[in-house]
Amino acid sequence: MDLNQSIEFSSSSAPPAQIHNFMPMPAAYMLPHNHQDGEAVRRSHFIDLLKQNIELFWSQQMFEIHNTSDFRSQHRLPLARIKKIMKSDEQVKMISADTPILFSKACELFILELTLRAWLHTEESRRRTLQRCDIARAIRHDDLLDFLVDFVQLDEHKEEETGINLENMTESYPVRQMHLPMMNMNRAFAARNQEIMQQYMVQLSMSSAELKYEPDSK
């Protein structure tokens, strides 16, 4: 399995819930708590789908990592630049050869997960182009990404437009299942998902000494 292959996103294969022809309610009779209830349901569904996508993503990544024979050759980011950034800290004098490789993989996983999180917001807004505002919203939905809040400012104007669009959709249609993207897992991977997790648990039971990278003696 190629660690360098790109991740494809596709819409969920679940069939859409049936939409009944309700009589439209005049705007004057639309109660505020109805909007709040619809928003709460929509947000809860979004969070559930986000968790499912993230779990599938990391299951696939851990399976690929534990089944990669030549980890050193599986990197996509320039190691020289990573090493240069590491050496920008004056206290760092020497760096072992495998350290930039680990940083490269860590950065790759970070980019892939953040892209997945942002793409979910893209689909939620009924768009097919990932935008900066999607990344900003993804950052604000995870406490671990708080350190990026000041670097990726949220465009309040676009946020308001998105909120208005979602509110209009809630008014026009009854609450139904949203089709946010799931990881495009192939059938073979899905069939052996249980086996993958069992293998992963075995790997976790290994002693920490077996998983360590020995530092250079220099």
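No gaps in the numbering here: position 33 of the sequence shown is 46 in the working numbering, and each next residue is one more.
Glycine residues also receive a C-beta, built at the ideal position from the N, C-alpha and C atoms.
Taking the Cβ atom as the reference point for each residue, do H154 and I114 lie within a distance shorter than 7 Å? Cβ distance not < 7 Å, so H154 and I114 don't count as in contact.
Sequence-distant residues of its chain with Cβ nearer than 8 Å to R85 (five each side left out): D111 and I114
Could you check if A53 is buried or exposed, using at least 16 other CB atoms within 10 Å of its CB as the buried criterion? exposed
Can you tell me which of the three DSSP states A110 falls into? If DSSP states are grouped into helix, strand and coil, A110 belongs with coil.
Pick helix, strand or coil for A131, following the three-state DSSP scheme. helix
Please report the Cβ distance between L127 and A151, rounded to the nearest whole angstrom; I am assuming they are in contact, meaning their Cβ atoms lie under 8 Å. 6 Å
Nearest by alpha-carbon distance to D168: which of F160, Q144, L157 and D159 is it? Q144
Can you find a C-beta in chain B that's less than 7 Å from the C-beta of T135? Chain labels in this structure do not include chain B; a single protein chain is all it has.
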